[in-house]
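Residue numbers (this note's numbering): 44 to 452. Data first, discussion second: the structure below is written as structure tokens.
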């Protein structure tokens, strides 16, 4: 395919080994191909620019299903190019809001964070988006004209959530695809259905999760909290990895401060699940540590791919259905309710991580209240993260092999 549009700035040519790109919020940034570093200012003129969110004059963004490569096609003239046509009409920004993102805190809502950002026409997957924080994430993004793919287990609840959002904004673009994280084959089907839609994936938000529930195993034979909160998310990312790389995506993994209380270490990570030794809230803590280890190791693997991976803690005892699984959590929730966040406030840090523009700086980081925070020492153990990655890969490969054998009979 030939690039039929010149990759030049209307006012300033770029030096050799520089490229211009467009961020999630439609601001132009510049990539030095030698150093792999990015900056907001033009390397010669020092100007900052942005583009409009919508394509015009017949242009649209498409994906080659064979190579998963993004390109742009003009439906009127038939032209195709790898260069975003909006760059030809980029406009100068006189008041670039580089410091605005530091203004958010514990009382900010998802709507506060998104208010001044243009993310129209982006595509986001949000798991667990029919209630609680996930619903608020989906609602806030949809009201900013993001196409939200709702990955939920319950079809009825998902459709009710869509109705609520479309009652506010009838033109909100929301698509439900069933996603049961307690069934790895269902996760595989979810990913296949999304890939078949042939659309980009700008944002992947892994929000769905369980808290403390009685000991049980999934249909795949793994402890339920571990699989729902971590292993299925690992599997989803691996299934969508090519799409993430081609889209220069942002991955946000919703973790928790509970990760600090995990006892998972290199010495015991291979332990078997035993119902007699099972402690429900410790299983949750371990899964949240796995989330952060996963985020950090995934970022390390994708360091040269322009994919940024972030983990975050949404807030303490936010008002969500997640508390329904454990009676002690319900009691604690009642006692501390005056000091908790609303679901909309809990969603703020998640959407902050999804749209924060300094992707090179935030990749692999952990956030609380829209601010970077140091996680536990265990979560920074990259040897432990590598062991977890290899163990998880073995689990997935074992399942894939068993399914292949079953299908052959």
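Virtual Cβ for every residue (Gly too), placed ideally from N, Cα, C. Given the structure is predicted, the values throughout are model-derived calculations rather than measurements.
**Item:** Closest by C-alpha distance to residue 71, when choosing among 306, 249, 134
**Value:** Here residue 71 refers to the residue found at position 28 when the chain shown is read from its first residue. The option with the nearest alpha carbon to residue 71 is 134.
**Request:** Enumerate, from N- to C-terminal direction, the unbroken beta strand (DSSP E) stretches of 3 or more residues contained entirely within the segment 243 to 326.
**Result:** 246 to 249, 293 to 297
**Request:** Kindly indicate which residue of 411, 445, 357 has the alpha-carbon position closest to the one of residue 175.
**Result:** Locating residue 175 in the chain shown gives position 132, counting from the first residue. It is 357.
**Asked** What do you get for residue 132, buried or exposed, if any count of 16 or more other CB atoms within 10 angstroms of its CB means buried?
**Response** What you label residue 132 is simply residue 89 of the chain shown in a count that begins at 1. Counting Cβ neighbours within 10 Å, residue 132 comes out exposed, since fewer than 16 surround it.
**Message:** Using C-beta distances below 6 Å, list every residue in its chain close to residue 81, excluding the 5 sequence neighbours before and after it, in chain order.
**Reply:** As a first step, residue 81 must be located in the chain shown, where it is residue number 38. Counting only Cβ-Cβ distances below 6 Å, and skipping sequence neighbours, we find 72, 74, 403.
**Whether residue 148 touches residue 412 by CB criterion (8 Å)** = Taking the first residue of the chain shown as 1, we reach residue 148 at position 105. Taking the first residue of the chain shown as 1, we reach residue 412 at position 369. Yes.
**Request:** For residue 173, I'd like the list of residues in its chain whose CB is within less than 6 Å of its CB, leaving aside the five on either flank, ordered along the chain.
**Result:** As a position in the chain shown, residue 173 is number 130, starting the count at 1. Cβ neighbours of residue 173 beyond the five flanking positions: 195, 200, 201, 204.
**Request:** Compute the distance between the beta-carbons of residue 256 and residue 323, then report whether it is under 8 Å.
**Result:** On the chain shown, position 213 is the one that residue 256 refers to. On the chain shown, position 280 is the one that residue 323 refers to. Contact flag set, yes.
**Asked** DSSP on residue 122, reduced to helix/strand/coil?
**Response** Residue numbering aside, residue 122 sits at position 79 when the chain shown is read from its first letter. Of the three classes helix, strand and coil, the one that applies to residue 122 here is coil, per DSSP.
**Prompt:** Taking buried to mean at least 16 other C-beta atoms within 10 Å of its own C-beta, is residue 440 buried or exposed?
**Reply:** As a first step, residue 440 is located in the chain shown; it is residue number 397 there, counting from the start. Residue 440 is exposed by the Cβ-count criterion.
**Asked** In angstroms, rounded to a whole number, what distance separates the CA positions of residue 286 and residue 238?
**Response** As a working note, residue 286 is residue 243 in the chain shown. As a working note, residue 238 is residue 195 in the chain shown. Going from the Cα of residue 286 to the Cα of residue 238 covers about 8 Å.
**Message:** Given a cut-off of 8 Å on the beta-carbon distance, is the pair residue 69 and residue 96 in contact?
**Reply:** As a first step, residue 69 must be located in the chain shown, where it is residue number 26. As a first step, residue 96 must be located in the chain shown, where it is residue number 53. Cβ atoms of residue 69 and residue 96: closer than 8 Å.
**Request:** With a threshold of 16 other CB atoms inside 10 Å of the CB of residue 391, please say whether the residue is buried or exposed.
**Result:** Walking along the chain shown from the start, residue 391 turns up at place 348. Burial call: buried.
**Prompt:** If you drop the 5 nearest sequence neighbours on each side, which residues of the same chain put their C-beta closer than 6 Å to that of residue 299?
**Reply:** Within the chain shown, numbered from 1, the residue matching residue 299 stands at position 256. Around residue 299: 331, 356.
**Prompt:** Which partner residues does residue 93 have in the DSSP bridge list?
**Reply:** The sequence position of residue 93 within the chain shown is 50, counting from 1. 70, 134.
**Prompt:** In its own chain, which residues sit with a C-beta less than 6 Å from the C-beta of residue 407, not counting the 5 before and 5 after it?
**Reply:** The sequence position of residue 407 within the chain shown is 364, counting from 1. Cβ within range, chain order: 339, 342.
**Request:** Round the Cβ separation of residue 295 and residue 397 to the nearest angstrom and send it over; I've been treating them as touching at under 8 Å.
**Result:** Looking up residue 295 in the chain shown gives position 252. Looking up residue 397 in the chain shown gives position 354. Indeed they touch by this definition, with Cβ atoms about 5 Å apart.
**Asked** Roughly how many angstroms separate the alpha carbons of residue 361 and residue 157, rounded to a whole number?
**Response** Start at 1 with the first residue of the chain shown, and residue 361 comes out as number 318. Start at 1 with the first residue of the chain shown, and residue 157 comes out as number 114. The predicted position of residue 361 is uncertain, since its pLDDT is 49 and thus under 50; a value taken from the coordinates is nonetheless stated next. For residue 361 and residue 157, the distance between alpha carbons rounds to 20 Å.
**Prompt:** Can you tell which of 419, 425, 394, 422 has its C-alpha closest to the C-alpha of residue 159?
**Reply:** The residue given as residue 159 occupies position 116 in the chain shown. Nearest of 419, 425, 394, 422 to residue 159, Cα basis: 394.
**Request:** Mind checking which residues open and close the beta strand (DSSP E) that includes residue 170?
**Result:** In the chain shown, the residue the question calls residue 170 occupies position 127. Counting along the chain, the beta strand (DSSP E) containing residue 170 begins and ends at 166 to 170.
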